[in-house]
Amino acid sequence: MTGTSPMAGDGSSRRFFILCLAIGAVSIVAPFVFPAIVKQLSIFWVMVIVAYTWDTMGGQLGYNSFGNIVFFGAGLYVSAIIQIAPFTNMRAYTAAGEQGSALALSMGQYLGGLAPGLIAAALVGFALAIVFGFVILGLRGHYFAIGTLALGIFIAQIFANWEYVGAGSGIIMPDLPGRGRASDQDKSLLFYFLCFALAAATIVFLRWLYATRFGLAINAIRDDEDKAEAMGIATTLYKVVAWSVSGFFLGVCGALYGNIVRFVDPEETAFDGPGLGVWMVLMAVLGGKGSLWGPLIGAVLFHATKELLWTYLLGFQNIALGLLVIIIVVFFPEGIMGWIHSRWPQLFGERVEISAQSAAAR
Amino acid sequence: MFENIQLLAENPVGLLNLIFDGIMIGAVFALIAYGMALVWGVMNIINLTQGEYVIFGGFIAFYTAGQWTFRIDAIGLSLTWPGVHALWALLLAPAVLYVIGWVVYRLVIFRIVDRDMFTSILATFGISILLQQFMNSVFTADDVIAPHNMGTWSAWRTDMGELAIERVRVVALAFALVVGGFLAFYLKYTRDGQSIRAVAQNARAARLMGIDANRVYARTYALNAALCGVAGVLVSMTLTIHAFTGLIYTVRAFMIVIIAGLGNVTGVIVAGLGLGAAEKVAEFVIGTSYQVAFVTGLLLVVLLYRSVRLAMQRKYLA
């Protein structure tokens, strides 16, 4: 397990600040340099957010959740309902399914639906995580993993049978008003910057959170839950709070994703357990569980590989995905950050005895 | 939903019919769970690939029973399979799955035997994605059912209705019991079976006694795959299968194992039969489209029940 104790020291803060500035500058320039792939870039930030929120549970708390996709999908559906239901007859609109045309809204209606939609998605993700957390976080280890896997399938099936939200045929999301190429560009830029802002907020917030006593507490739970409890940590409460933080960001993230792909479907977009549900684990593990930059590195590598190679693999994408899961988990479980950590521990503020170093060199 | 409950209340024979149907397929679920418990107990691995082995066995039965032609035009090769009775697959499927299980063990599983649960869950999940996609692209992407033409057996006629049992379900029950019985006998009385149990009890001591633990693990894992193959043949003769529906069998098996507890064969049988019956009745009451939701929901309920019970004694599921 590669636990990092985020140092609140000056040097670390300054390095973090500079790194953030660099990443931020690249991210702000990127959509203007590559206007053709703004949508893929937005989805990249979605990947970053899901990887980070998974890592909060899997990496920092040590609870390997396969059910985080639930909050993502719930946020997606909630924002869809809020963006559509006030302006038209939801039931009739969803009954048309994929064949229907997208709802035409005025700018005021669209933004007036989007803003509360995003907020509601966040709150629903947060609330669901609290409810499910108190119920399911009593499970440990593999029981938790499989319990959350079952939870994900269960919720997906409920939505797939719910006529009001279009059941299995899905909902077409309304489009941002305006026509022509220029406005298409504006649309994708709006969601790019929303996704980027959310990802930045997630990373900064999580860094702060891991540096507090809360971070220490959840790391203690990860390392030994019984001892942590014996030391007086209210473990259940901490676990629930950690999950609800995940749920909060995942909810908004799902809502944004729904607006980017503009189609809500229970199995392909919202509760894509075998897809996104596995990718988020894979990205965090690939980058390095339980480290601050691991999920970002994992997301960059995974998303770039996926976008570049996926189209060439034709029908074999998921075979490749299965292979990737096996290879990463079996041969590279520590991830990239874990590998760097064991290779150059002094970068992580650990003192290295000379003798130990030379022993390692030999 | 309530009309359906009323319907059942008015027609006890219909209810009995559902329960019988469910129990007989439940025996097959118990067989899958037995395999899962074996791997879990001996190797401490929760094998999420269980369902995919079942579906694989099912596809073997489907192709054994159906007529098809294998053609390579470039060399003028054309082979036609005439199609035999699906039950012949009971010989073929375990053999094929045994080999697959052995290969999977040699390639992946033996690297994760001593690692933590998370690694084994994720790695077997990866294998299951791989197998799903393989079956989807190599076999067929359709819902299939192995044709068998065995008809139904009208067991009991009354004024209120008829107790009609599909013969294939009786066959499934019988085979599940026979295969399970053989496995239990194998584990208890043969030399190989005893070595499996020895490794399960204490791998290190077993090694000291000259047992090659790695071989035993491989045999256990392959045996489990073969068991799933048999179950798959029986399943595909009764229910439709699809390359992607394997996971639900894994969930069922996992649920049966945690209801029964590891190493409790009677418990596995009872829980399997009970799950089959409950599922069949629930399917009638709330509809087929909720079947997967019912199974996963039931697993959550079972997990929570056990966890709350244990929490009262200040223990937890582990």
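These protein sequence lines map, in sequence, to chains W and B. End of the first sequence = 362 in my numbering, gap-free, step of one. End of the second sequence = 680 in my numbering, gap-free, step of one. In this text, a Cβ means the ideal position worked out from N, Cα and C, and glycines have one as well. Note that this is a predicted model, so its numbers are computed, not measured.
If you look at residue 316/W, you'll find it isn't in any alpha helix (DSSP H); DSSP assigns it neither H nor E.
Residue-level contact by beta carbon holds for residue 151/W and chain B, with a gap shorter than 8 Å. Annotation: the continuous beta strand (DSSP E) that includes residue 439/B extends over 439 to 443. Residue pairing from DSSP places residue 431/B in a beta bridge opposite 442/B. A Cβ of chain W is located within less than 8 Å of the beta carbon of residue 488/B. Residue burial is scored here from C-beta neighbours: residue 33/W has fewer than 16 other C-beta atoms within 10 angstroms and is therefore classed as exposed. In the DSSP assignment, residue 42/W falls within the unbroken alpha helix (DSSP H) covering 38 to 55. A residue is called buried once 16 or more other Cβ atoms fall within 10 Å of its Cβ, and residue 373/B, having fewer, is exposed.
Chain-ordered, the chain B residues with CB closer than 9 Å to the CB of residue 325/W read 484, 485, 487, 488, 489, 491, 492. Judged by DSSP in its simplified three-state form, residue 87/W adopts coil rather than helix or strand. DSSP places residue 524/B inside the beta strand (DSSP E), whose first and last residues are 524 to 528. Spanning the alpha carbons of residue 49/W and residue 647/B requires a straight line of approximately 41 Å. Taken in chain order, the complete alpha helix (DSSP H) segments of 4 or more residues contained in the stretch 227 to 272 of chain W are 235 to 261. Residue 66/W and residue 129/W do not touch by the CB rule: their CB atoms are close to 15 Å apart, not below 8 Å.
For residue 68/W, the closest alpha carbon among the candidates 173/W, 145/W, 163/W, 12/W is that of 145/W.
In this structure, residue 318/W places its C-beta atom within 8 Å of the C-beta atom of residue 495/B. Bounds of the beta strand (DSSP E) holding residue 514/B are 514 to 519.
Between residue 581/B and residue 558/B the beta-carbon gap is near 7 Å, inside 8 Å, which marks them as a contact.
Residue 475/B: not part of any alpha helix (DSSP H); DSSP gives it neither H nor E. Listed along chain W are 319, each with a C-beta nearer than 7 Å to that of residue 496/B.
In this chain, residue 410/B is not harboured by any alpha helix (DSSP H), its DSSP state being neither H nor E. Under the three-state reduction of DSSP output, residue 327/W falls in the helix class.
Using a C-beta cut-off of 8 Å, the stretch 563 to 573 of chain B makes no contact with the stretch 624 to 633 of chain B, since fewer than three inter-stretch Cβ pairs fall below that distance. A direct Cα-Cα distance of roughly 16 Å separates residue 21/W from residue 198/W. The shortest C-alpha to C-alpha distance from residue 417/B to any of 531/B, 591/B, 529/B, 537/B is the one to 591/B. Around residue 341/W, no beta-carbon contact reaches into chain B at under 7 Å, the shortest distance being about 18 Å. Chain-ordered, the chain B residues with CB closer than 9 Å to the CB of residue 322/W read 487, 488, 489, 490, 491, 492, 493, 494, 495, 496.
Spatial neighbours of residue 299/W in its own chain (CB-CB distance under 8 Å, excluding positions within 5 residues in sequence) are listed in chain order as 44, 47, 48, 51, 283, 287. Non-local C-beta neighbours of residue 213/W in its own chain, meaning closer than 7 Å and more than five positions away in sequence, are absent.
The C-beta of residue 468/B comes no closer than 8 Å to any C-beta of chain W. With a contact defined as Cβ atoms closer than 8 Å, residue 61/W and residue 242/W qualify at about 5 Å. Annotated three-state conformation of residue 603/B is strand, per DSSP. Between the alpha carbons of residue 429/B and residue 505/B lies a gap of roughly 17 Å. Residue pairing by DSSP leaves residue 404/B without any beta bridge partner. For residue 363/B, there is no enclosing alpha helix (DSSP H), as DSSP gives it neither H nor E.
Going by DSSP, residue 653/B is part of the alpha helix (DSSP H) stretching over 653 to 674.
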